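Numbering (mature numbering (1 follows the signal peptide of the UniProt record, and there is no 0)), first residue to last: -19 to -1, 1 to 228.
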Amino acid sequence: MLGILVLMLAAFCSGALNAVAGGGAFITFPALLFAGVPPVAANASSTVALFPGQAASSWAYRREIAAGGQVNVPVFAALSLVGGLVGALLLLVTPNAIFARFVPWLLLFATAVFAIGAYAPGIVSRLRLGGRSVLVVQFLISIYGGYFGGGIGFLMLAALTLFGLRDIHAMNGLRLLLAMLMNAAAVGTFIVAGAVSWPETVAMALAAVAGGYAGAMGAKRVDPKLLKTLVVIIGAVLTLYFFAKGA
């Protein structure tokens, strides 16, 4: 019972972090590993558990999403669904032992990208993506999102920044919507494949909905720099832990 409560707390925090700054998978994935769920099942269960929270956050941002008129939302949505499906299928054909070796590198990559966006935004401001280029980037991000998911929030914000968007609330809403869509494909794949550990996932999903909606509603009142710093710290600690564990 205590273990389930801890997982629900992790899911609530993850849902809130996803809504405000991204990086929720940094909490739920390791929490499931610590609970004894195998790596591939933990990644699949984390994705399924966080999906309802992303849906709740997207609904809370529906007006901001509608304001992001520069983006062809249907095309981005289609790419996110297909890319998420490809990434999920790649995960399912990856043995647990091999995926376990990838975990610290995936965490390192996602943490580094997130940190660059949080503390060195000038790096991305010097670059520019055209219409076709941003679609290719979004498709690649979607594959990564279906496969692992950690750090996809900032990856999408960076892509939208390079595309020319500046309204952070519209960008955040689009980020949440596209993350939900790429995870929708992954969720369906994981469920059909029987890769989900349901007792933990159901409890976490309920908590993630509450956290996702609360985080989205409070996003305009909370200093995002503080949350981004927290995400980077969590990602760095977990990266070091999993590198040490695999050594």
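Ideal placement from N, C-alpha and C gives every residue a C-beta, glycine not left out. These figures come from a predicted structure and were not determined experimentally.
According to DSSP, is residue i part of a helix, a strand, or is it coil?
| i | result |
| --- | --- |
| residue 113 | helix |
| residue 152 | helix |
| residue -19 | coil |
| residue 202 | coil |
| residue 129 | coil |
| residue 145 | coil |
| residue 21 | helix |
| residue 177 | coil |
| residue 101 | coil |
| residue 3 | coil |
Going straight from the alpha carbon of residue i to that of residue j, what length do you get?
| i | j | result |
| --- | --- | --- |
| residue 225 | residue 141 | 35 Å |
| residue 189 | residue 180 | 15 Å |
| residue 197 | residue 19 | 31 Å |
| residue 47 | residue 62 | 19 Å |
| residue 167 | residue 219 | 24 Å |
| residue 170 | residue 216 | 27 Å |
| residue 77 | residue -5 | 26 Å |
| residue 28 | residue 186 | 10 Å |
Starting from residue i and walking both ways along the alpha helix (DSSP H), at which residues does that stretch end?
| i | result |
| --- | --- |
| residue 7 | 6 to 15 |
Does the beta-carbon of residue i have 16 or more other beta-carbons within 10 angstroms, so that it is buried, or is it exposed?
| i | result |
| --- | --- |
| residue 128 | buried |
| residue 147 | exposed |
| residue -10 | buried |
| residue 55 | exposed |
| residue 125 | buried |
| residue -18 | exposed |
| residue 101 | exposed |
| residue 156 | buried |
| residue 153 | buried |
Item to check | Whole runs of the alpha helix (DSSP H) within the stretch 31 to 78, excluding any shorter than 4 residues | outcome: Unbroken alpha helix (DSSP H) stretches of 4 residues or longer found wholly inside the stretch 31 to 78: 43 to 48, 54 to 73, given in chain order.
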